[in-house]
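Residue numbers (this note's numbering), protein chains in the order written: chain A, 47 to 391; chain B, 47 to 391.
Number of protein chains: 2
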Amino acid sequence: MRIKKFQEILNKEKIDAAILFRGNPNINYFSQNPDIGSSSLVIPKDKDPFFISKKLRFENLDNEAKIKGINLDGKLGDFINKGFYGKTIGLDKLNLSSLIFDKFKKEWKVRIVDVSKILSELRVVKSGDEIDKISKNCKILSETFREVLDNFDFKTEREVEVALSNISKEKGGDFCFKPIVASGVNSATPHYMANSSKLKKGFCIIDFGVKYEGYCSDMTRTIFIGKPKKEHLEAYNKVLEAHNLAAEITKPEMKAEALHKRILEYFGKSKDYFIHNLGHGVGIEIHELPSLALESKDILKKNSCFTIEPGLYFPKKFGIRIEELYLLKNKVIPLTDYSKELKIL
Amino acid sequence: MRIKKFQEILNKEKIDAAILFRGNPNINYFSQNPDIGSSSLVIPKDKDPFFISKKLRFENLDNEAKIKGINLDGKLGDFINKGFYGKTIGLDKLNLSSLIFDKFKKEWKVRIVDVSKILSELRVVKSGDEIDKISKNCKILSETFREVLDNFDFKTEREVEVALSNISKEKGGDFCFKPIVASGVNSATPHYMANSSKLKKGFCIIDFGVKYEGYCSDMTRTIFIGKPKKEHLEAYNKVLEAHNLAAEITKPEMKAEALHKRILEYFGKSKDYFIHNLGHGVGIEIHELPSLALESKDILKKNSCFTIEPGLYFPKKFGIRIEELYLLKNKVIPLTDYSKELKIL
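Structure follows, in structure tokens:
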């Protein structure tokens, strides 16, 4: 279905074949095999797609889409130049190194066109299977947060990180991105990654996600260690209300940009302390379309999955972020079930 | 020192400044901060380098090189076009998406040159600090292998993977790449990644590495579950002897290609079952220069770190790989201390 839809577009755009090189996330999308080895994927506009590889084996080619492997006995460029794949070849320039692209451009005597936009847009609306995988993933994620936060007996940020990783791994979750555990003043840095401090009193941002059957998840909760003051509670509630407002007003066919704008409006004078995007799509990759950001041109689509993650970050003081992964139906449905109320430890 | 050396080359090549975008591994190389956030790095040819960021905070900018952060109040392209960074800008095309490069090429009214080769080559020879970090990493790795293989009580490939990850994480190791645990016939696939089978009798390839203080490690041992037959022992010894031969003959200033060739010669009639490269450099990234491969142009340098990892893979039967990470002095010095003799469980 995924492949067929892509082939229809290739036909319409008069692209004879698209070639995706090993490591390209769209290979996982089409094959639905998260453990595909070192092969590249050729998708002709009107024939069955196939993997190509020079010498490495294809034994791990099991894939839902039943794509077969062909051993290339020679250089890819020679096959291209012999016209095996047609005269117009689509490459995914977003996921291709500029250096490698230059090499192809020089060596290949065919017309090369970029198919990255087609691919990114194709992945926005999730199928039932994909939603199942992401939902199962989010179950692992909720359970992991529950075990870690409900038995919180840690002395360092690193210990929290290790617990998140170990527990989720035992539940079947794979590495997705380096977790953020930012306590005290570290929470004022949205992308704090060191996780090297003792746990300090105050807010602690915990941002974590896992990979499961090739799909990602992403979730943030901010807890409080010690006794919060009024300013802490007010700031937390401001972020929580912003989150709930964003979730409430999100509708299919809405402009992503408008949603971000509305939350800036809500933050009012605090808006300068909201210093990242409101959210991002999640799927095969941890960051994909749609982008919930000021400069975004994306329209929110039914059956897309994306985060809503407003935050406030007060320099040298503290930060708060509340992030939930949602599925958009007629309105958004949260995919984890862990409470967003402030947990005070 | 690293930055100074790079600046000397920029001067020589008449490149006014190099810009490395967030996520670029060379940022970690220059800053020696593995946890740098979402900033990009500008290295002018004759001024102090600085991080740029639009709105995200710089609180996690601690770095050995004492590089400061500058908040860009506007678009990078405007600063470029105002000539702030000079008339010739170096970009690392290897680590830049072809799509993004096109955008810069279109918007920037400066000369753009590729500095990827300079950067890759700069990283080959490791400093004392870097060797320390990689050595400490390999200690974590050896201990993890020891704990997992000396108390081998697992039923599935996944359980071995989880144990490797959990134990190394508790010792301070971070995620580096998805471990390979390939038992029985799965071992015939060099890049088997599913780790989804029950542990089968026969060879089991365990390929694992961790990240520590920003540096990677990589190591493979092949164990045997059950009672090996003569053909198994012969094949294992063949790979072990190939490994030892490669380690023995490796000398500084040798052609990497010649080393691979010599091992193919050694394998003789079995050479068609050795289906990947002999080795690769390891450092900030898990795969970097030198490439120990047939088509490689690299010369092996003193104080470089690389793997030697011959293997034999018999389709639908079994595979063996023995990989060690070495530091090249006058000869190679192994960086892990786990035995390469066949472990029979």
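From the three backbone atoms N, C-alpha and C, an ideal C-beta is built for every residue, glycine too.
Item                                                                                                                          : Value
Isoleucine 252 of chain B and proline 225 of chain B closer than 9 Å at C-beta                                                : yes
C-beta contact flag for valine 256 of chain B and asparagine 197 of chain B at 9 Å                                            : no
With 16 other Cβ atoms within 10 Å as the buried cut-off, status of isoleucine 239 of chain A                                 : According to the sequence displayed, residue 239 of chain A carries methionine and not isoleucine. Label assigned to methionine 239 of chain A: buried.
Closer than 9 Å to chain B by CB, aspartate 148 of chain A                                                                    : yes
Limits of the beta strand (DSSP E) - the one that glycine 325 of chain A falls within                                         : 325–327
Enclosing alpha helix (DSSP H) for phenylalanine 52 of chain B [first to last residue]                                        : 48–58
Close beta carbons around serine 342 of chain A, own chain, < 6 Å, minus the five adjacent residues each side                 : Ala302 and Glu303
Isoleucine 366 of chain A versus cysteine 351 of chain A: straight-line alpha-carbon distance, rounded                        : 23 Å
Tyrosine 75 of chain A (DSSP reduced to helix, strand or coil)                                                                : helix
Those residues which DSSP pairs with proline 274 of chain B across a bridge                                                   : Paired residue(s): none; proline 274 of chain B is not in a bridge.
Distance between beta carbons of proline 356 of chain A and isoleucine 309 of chain A, contact taken as under 8 Å             : 6 Å
Residues near threonine 296 of chain B in its chain [Cβ-Cβ closer than 8 Å; skip 5 each side]                                 : Leu305, Leu346, Ile354, Tyr372, Leu374, Lys377 and Val378
Three-state secondary structure assigned by DSSP to isoleucine 82 of chain A                                                  : coil
Simplified DSSP assignment, three categories, for proline 344 of chain B                                                      : It is aspartate, not proline, that sits at residue 344 of chain B in the sequence shown. Here aspartate 344 of chain B sits in coil by DSSP.
DSSP state of alanine 240 of chain B mapped onto helix, strand, coil                                                          : coil
Assigned exposure category for leucine 66 of chain B - 16 Cβ within 10 Å defines buried                                       : buried
Chain B contact for phenylalanine 221 of chain A (CB, 9 Å cutoff)                                                             : yes
Presumed contact (8 Å Cβ cut-off) between asparagine 72 of chain A and leucine 165 of chain A, rounded CB distance            : 5 Å
Residues, ordered as in the chain, of the segment 123–147 of chain B that lie near chain A by beta-carbon distance below 9 Å  : Leu137, Asp138, Lys139, Leu140, Asn141, Leu142, Ser143, Ser144, Leu145, Ile146 and Phe147
Closest Cα partner of glutamate 314 of chain A within the set A/His326, A/Glu287 and A/Tyr258                                 : Note that residue 314 of chain A is glycine in the sequence shown here, rather than glutamate. Among A/His326, A/Glu287 and A/Tyr258, the Cα nearest to that of glycine 314 of chain A belongs to A/Glu287.
DSSP bridge partner residues for alanine 228 of chain A (one or two, in chain order)                                          : A/Ile251
Under 9 Å by beta carbon: chain A residues contacting aspartate 160 of chain B                                                : Ser144, Leu145 and Asp148
Within chain A, partners of glutamate 331 of chain B - CB distance below 9 Å                                                  : By Cβ distance, chain A contributes nothing, its closest Cβ being about 13 Å from glutamate 331 of chain B, past 9 Å.
Three-state class that DSSP yields for serine 455 of chain B in the structure shown                                           : Any property of residue 455 of chain B remains undetermined from this structure, which presents chain B solely from 47 to 391.
C-alpha gap between methionine 300 of chain B and glutamate 205 of chain A, whole angstroms                                   : 45 Å
Whole-angstrom distance between valine 161 of chain A and asparagine 392 of chain A, CA atom to CA atom                       : Not covered by the structure: residue 392 of chain A. The range shown for chain A is 47 to 391.
Partner residues on chain B for lysine 215 of chain A, Cβ-Cβ distance less than 7 Å                                           : Val208, Ser211 and Asn212
Own chain partners of lysine 91 of chain A with C-beta closer than 8 Å, once the 5 adjacent residues on each side are dropped : Gln53, Leu56, Asn57, Ile61, Asp62, Ala63 and Gly132
Which of helix, strand or coil DSSP assigns to aspartate 21 of chain A                                                        : The question about residue 21 of chain A has no answer here: the residues shown for chain A are numbered 47 through 391.
Partner residues on chain A for lysine 182 of chain B, Cβ-Cβ distance less than 8 Å                                           : Correct list: empty, because the minimum Cβ distance to chain A is about 16 Å.
Where valine 171 of chain A falls: helix, strand or coil (DSSP)                                                               : strand
Classification of leucine 335 of chain B by the beta-carbon crowding that lies within 10 angstroms, buried from 16 upward     : buried
Lysine 363 of chain B vs valine 231 of chain B beta-carbon contact at 9 Å                                                     : yes
Through-space distance from leucine 291 of chain B to cysteine 262 of chain A, alpha-carbon basis                             : 43 Å
9 Å Cβ cutoff, lysine 51 of chain B in contact with chain A                                                                   : no
Cutoff 9 Å: lysine 224 of chain B Cβ touching any chain A Cβ                                                                  : yes
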